[in-house]
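Working notes for the structure below.
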Amino acid sequence: MTKYLWMAAISLPVALSFSVVPSAAQNSSVREESQGMVLLRGLPTLETSHSVAIVELDPESENFGAILSEVDQPDMAEPFHHLYYSPNGRLYTTGLDPECSLAEIGLARDASGAPTVTGFDCLDTGGQMVGEDIMWTMSNGTEYMFVTFMGGLGGDDGGSVGVFDTQTNEVVKIIEARKSQVGDGEPYIMYPHGISAFEDRMVVSSTIHPDLATGVGNSVTIIDLNTLEPIQTITVEAEKPIGFPSSPVEVLFARPSIHPDIEPAVLVNTMFGFETWSIPYDASSKSFGEAEVIYSGAANGTAVPLEFYGTEDELFISHALPGVVKRYDISKLPELVSSGPDIVADIGAHHMIFFSSASGRELIAIQNNLLNLGNAADNDPTDVDFIAGVNAHTITVHDLATGERLGTIDFKGTYNKGVENVEALFGSGFVHHH
Amino acid sequence: MSKRSLVLALSITTKARHILGTVSRALAALFICAGLGGQTLTAGTSPRPIEGFEAPFVFGRFAIPADNPLTQEAFELGRRLFYDPILSGDNSMSCASCHEQERAFTDGRALAIGRDGEELEFNSMSLANLLWGPQLFFWDGRSPSLEHQVLEPLLNPFEMNQPLDALVAELSADPVYPAMFEAAYGRLDEHSISRALATFLRLLISSDSKYDRYLLGDAVLTDQEELGRKLFMAHPDVKTSLRGGNCIDCHSQFVTAGFSDGFDGFSNNGLDPDADLKPGLAATTNYGPDFGKFKVPSLRNIAVTGPYMHDGRFDTLEDVMAHYNHGIVRSKTLSPLILEADNLVADPTAALGLRLEQHEIDAIIAFLHTLTDQTFLDDPAFSNPFEGEPR
Chain A
-1 MTKYLWMAAI
9 SLPVALSFSV
19 VPSAAQNSSV
29 REESQGMVLL
39 RGLPTLETSH
49 SVAIVELDPE
59 SENFGAILSE
69 VDQPDMAEPF
79 HHLYYSPNGR
89 LYTTGLDPEC
99 SLAEIGLARD
109 ASGAPTVTGF
119 DCLDTGGQMV
129 GEDIMWTMSN
139 GTEYMFVTFM
149 GGLGGDDGGS
159 VGVFDTQTNE
169 VVKIIEARKS
179 QVGDGEPYIM
189 YPHGISAFED
199 RMVVSSTIHP
209 DLATGVGNSV
219 TIIDLNTLEP
229 IQTITVEAEK
239 PIGFPSSPVE
249 VLFARPSIHP
259 DIEPAVLVNT
269 MFGFETWSIP
279 YDASSKSFGE
289 AEVIYSGAAN
299 GTAVPLEFYG
309 TEDELFISHA
319 LPGVVKRYDI
329 SKLPELVSSG
339 PDIVADIGAH
349 HMIFFSSASG
359 RELIAIQNNL
369 LNLGNAADND
379 PTDVDFIAGV
389 NAHTITVHDL
399 ATGERLGTID
409 FKGTYNKGVE
419 NVEALFGSGF
429 VHHH
Chain B
6 MSKRSLVLAL
16 SITTKARHIL
26 GTVSRALAAL
36 FICAGLGGQT
46 LTAGTSPRPI
56 EGFEAPFVFG
66 RFAIPADNPL
76 TQEAFELGRR
86 LFYDPILSGD
96 NSMSCASCHE
106 QERAFTDGRA
116 LAIGRDGEEL
126 EFNSMSLANL
136 LWGPQLFFWD
146 GRSPSLEHQV
156 LEPLLNPFEM
166 NQPLDALVAE
176 LSADPVYPAM
186 FEAAYGRLDE
196 HSISRALATF
206 LRLLISSDSK
216 YDRYLLGDAV
226 LTDQEELGRK
236 LFMAHPDVKT
246 SLRGGNCIDC
256 HSQFVTAGFS
266 DGFDGFSNNG
276 LDPDADLKPG
286 LAATTNYGPD
296 FGKFKVPSLR
306 NIAVTGPYMH
316 DGRFDTLEDV
326 MAHYNHGIVR
336 SKTLSPLILE
346 ADNLVADPTA
356 ALGLRLEQHE
366 IDAIIAFLHT
376 LTDQTFLDDP
386 AFSNPFEGEP
396 R
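Residue numbers (our numbering), protein chains in the order written: chain A, -1 to 432; chain B, 6 to 396.
Structure representation (structure tokens):
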């Protein structure tokens, strides 16, 4: 008998006693593809605090809607706002509280293997306030973390893009260009929110002053990633269905790396213009063409378009009113060619993630809260002022192919909290805003 | 995987069955019992959870058997058993004989050495981070759990050659073990032996290398290491001028082990032509396309775990990289991800290696050195508990 045969022989009992599959598959309870990271907003009138939590989102799970791990933020007046994973798997969040406008969240695993939220560290932003979006991209061969701060360093026309060292989280540069300080016709940065990039060009939007009263933007600004300086501001405003400036919110630099058939262009959703714009980009001359409206909410019965998310095949755009997610053939960008009927979520349709159920069904979970910013003088920005009308405080889960709603998690009804953001436990995929 | 039978049907000789029948039936009975959940902690036993246990999130989910939770008592018992030659039939070998901590629990030999001094079939695998990566153990994946895996070397007549009933008797007569087993499991039996050893192996977690600290933002890689990291993480694409070392196609980004889904963590990496291929995973699955596939090992502490490959054929990391760079051998089951990995030619049928430049090879090796975790290699919690103890 050879030694090799011995090894085969001793394996025989295994055949009698086990089905030989990897142990992760032997125990369905270890499945975590359907678990989501959520940022929860405490509701003052219901005496709850903000928190970071892990929630089960698979309607097929007996734990559907259960909070699996949670860390409270009892000392923060405003909640965290938007979660992002770095390319190295570190979890960051922007924050609405001036005391914590950017933070790194700790994640670990307990002795059962389950993910746990261990806490968070507020980062030094150099005075920049009201963090919104984050992206990681290169400048002169070095990767940086870029963060939009809608409040910037303060003031009526504030706003900045913070450039951070990806390892140390230290501020490398604050990109700021106040409209009141640059000359007429010069590029400026004001209330930046959305952010996206292609090659050596970055685009940020100009949305609204964090107090919702001082000012509203109507443009996007191009930043040269070679110099980290703004080089062009482009107005995206046409109809004013509610009388406000257009308030561009999220932007997506459609580019061939998303799909090889895409002609580069910047897509812009305008929160108060209810429109989606397209700004063509010529990569050879590094020039932007004339902005044009490619979707009108006023003409199509939708309002407050917010986010861009993508899968390999489709682009999804959320519209807070009436609470739908529209879907498009991603290969046809920058044209918006429908790829199927709207996914009917709840009022406030906003962020989303894609995952599969235990049975393998492809799903989309949609967070339905516009909220973000309210007037603290009104006591409860989520329940009192007009923003309450676009907050369902839910996450709805749908079949990705058909849009059929398979489940709803009512965070206000169940936990007395709103839901600020949802992110997949391991990140949402390749487009995700940027 | 859908075409594969999940139940193993191995072909063994009549002679082998005759010789090994008794031991095999004993092991089968043991694991049938475990598989049915018949063994749990005895009532009244209340071992302590591992104090302060925390594993890196990015390593991914791991599974702990319901009947063998991670406890301090089981870990301490498993550690003692691991280093104790009482586990071998003639009390000459312990697990640590082939798994030395300072070598990330390998032995520095091309092939492991058996109790008679002869070389065995395979290279001794590192025992670091077994919670992650393929959950089928040994180079050919023949063990479906660590509880099963730890008993094979004990029972193997060429290795420790220890009948389990005799081992239970020896341990029962020892002045220390009965109380430790009682505290950990409430009983001293074969199943508790395997559970304790498995617990010790599960807790051999290596997560404090320079790369780990880099991932946490606590360390900065040198320019050469960073180039190596980027090459490690990239599949080459000539069309887009993306240069890559193709490592991540088999070794995952954070754990740097094989993938844990199904049999994804097994690969034929182009070592031999068809005529010379060893069965590998096919010996376990009895499935032809698995012929020549072996477990993709963790690269944690790889700089101290040579020689390399399932048969230890390469002495150095330079030898390994030379293989991947220009020494790929075609065979029917060669990984398609290797077959098409070429930095010079975009032809999925032509690649015979990465064809990286020397400075890129050096960079990948520099990055591999950042996976060395000296904290793990020196951790007294994993060391020989008998040192300094009168025996």
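C-beta: ideal position from N, C-alpha, C; glycine also.
Note that this is a predicted model, so its numbers are computed, not measured.
Item                                                                                                                                                                                                         : Value
Here's the rule: buried if 16 or more other CB atoms are within 10 angstroms of the residue's CB, otherwise exposed. What is residue 289 (chain B)?                                                          : buried
When you compare each of B:369, B:342, B:280 and B:122 to residue 324 (chain B) by their alpha carbons, which one comes out closest?                                                                         : B:369
With 8 Å set as the bound, which would you pick, yes or no: does the beta-carbon of residue 227 (chain A) sit closer than that to a beta-carbon of chain B?                                                  : no
What does the alpha-carbon distance come out to for the pair residue 266 (chain A) and residue 287 (chain A)?                                                                                                : 14 Å
With respect to the beta strand (DSSP E) encompassing residue 330 (chain B), which residues constitute its N-terminal and C-terminal limits?                                                                 : Per DSSP, residue 330 (chain B) belongs to no beta strand (DSSP E); it is in the alpha helix (DSSP H), 322 to 331.
Which partner residues does residue 161 (chain A) have in the DSSP bridge list?                                                                                                                              : A:144 and A:171
Is it buried or exposed, residue 146 (chain A), if we count other Cβ atoms within 10 angstroms and call 16 or more buried?                                                                                   : buried
Starting from residue 284 (chain B), trace the alpha helix (DSSP H) both ways and give me its first and last residue.                                                                                        : Per DSSP, residue 284 (chain B) belongs to no alpha helix (DSSP H) and is neither H nor E.
Look up residue 379 (chain B) in the DSSP assignment and say whether it is helix, strand or coil.                                                                                                            : helix
Considering only their Cβ atoms, is the gap separating residue 275 (chain B) from residue 343 (chain B) smaller than 8 Å?                                                                                    : yes
Kindly indicate which residue of B:321, B:315, B:241 and B:184 has the alpha-carbon position closest to the one of residue 352 (chain B).                                                                    : B:241
Could you tell me which chain A residues have their CB closer than 9 Å to the CB of residue 225 (chain B), listed as they occur along the chain?                                                             : 165 and 166
Could you tell me whether the region 297 to 310 of chain B touches the region 127 to 147 of chain B, using the rule of 3 or more Cβ pairs below 8 Å?                                                         : yes
Apart from the five residues on each side of it in sequence, which residues of its chain come closer than 7 Å, Cβ to Cβ, to residue 174 (chain A)?                                                           : 150, 151, 158 and 187
Contact check, residue 235 (chain B) vs residue 224 (chain B) under 8 Å by CB: the rounded distance?                                                                                                         : So it is not a contact: roughly 16 Å between Cβ atoms.
Bridge partners of residue 79 (chain A), per DSSP?                                                                                                                                                           : Answer by DSSP bridge pairing: none, since residue 79 (chain A) is not bridged.
State yes or no: is the C-beta of residue 169 (chain A) within less than 8 Å of the C-beta of residue 156 (chain A)?                                                                                         : no
State the start and end residues of the unbroken beta strand (DSSP E) segment that holds residue 410 (chain A).                                                                                              : Run containing residue 410 (chain A): none in the beta strand (DSSP E); it sits in the alpha helix (DSSP H), 409 to 413.
Starting from the C-beta of residue 80 (chain A), find all residues in its chain whose C-beta is less than 6 Å away, skip the five residues before and the five after it, and write them out in chain order. : 92 and 419
Which runs of the beta strand (DSSP E) fall wholly inside the region 90 to 117 of chain A and span at least 3 residues, in chain order?                                                                      : 98 to 107
Below 7 Å on C-beta distance, what does residue 63 (chain B) contact in chain D?                                                                                                                             : This model lacks chain D altogether; the protein chains it does include are A and B.
Which class does residue 62 (chain B) belong to by DSSP, given the choice of helix, strand or coil?                                                                                                          : helix
Report the residues of the region 107 to 124 of chain A with a CB closer than 7 Å to any CB of chain B, ordered along the chain.                                                                             : 107, 108, 109, 110, 111 and 113
From the beta carbon of residue 376 (chain B), is the nearest beta carbon of chain A less than 8 Å away?                                                                                                     : no
Could you work out which residues of chain B lie near residue 105 (chain A), taking near to mean beta carbons separated by less than 7 Å?                                                                    : 62
Report the CB separation of residue 138 (chain B) from residue 260 (chain B) in whole angstroms; it is logged as a contact under 8 Å.                                                                        : 6 Å
Does DSSP put residue 330 (chain A) in a helix, in a strand, or in coil?                                                                                                                                     : helix
For residue 388 (chain B), report the span of its beta strand (DSSP E) as first-last.                                                                                                                        : Run containing residue 388 (chain B): none; DSSP gives neither H nor E here.
Judging by CA-CA distance, which residue of B:159, B:67 and B:79 is the nearest neighbour of residue 113 (chain A)?                                                                                          : B:67
List, in chain order, every chain B residue whose beta-carbon is nearer than 7 Å to that of residue 30 (chain A).                                                                                            : 66
For the candidate residues A:313, A:332 and A:300, whose alpha-carbon lies nearest to that of residue 344 (chain A)?                                                                                         : A:300
Using a Cβ cut-off of 8 Å, pull out every chain A residue sitting near residue 54 (chain B), in sequence order please.                                                                                       : 109
Where does the unbroken beta strand (DSSP E) through residue 434 (chain A) begin, and where does it stop?                                                                                                    : The structure shown has nothing for residue 434 (chain A), since chain A only spans -1 to 432.
Could you compute how far the alpha carbon of residue 337 (chain B) sits from the alpha carbon of residue 100 (chain B)?                                                                                     : 36 Å
Shortest alpha-carbon distance to residue 278 (chain B) belongs to which of B:332, B:119 and B:113?                                                                                                          : B:332
Does the region 86 to 100 of chain A come close enough to the region 64 to 77 of chain A to have 3 or more Cβ pairs within less than 8 Å?                                                                    : yes
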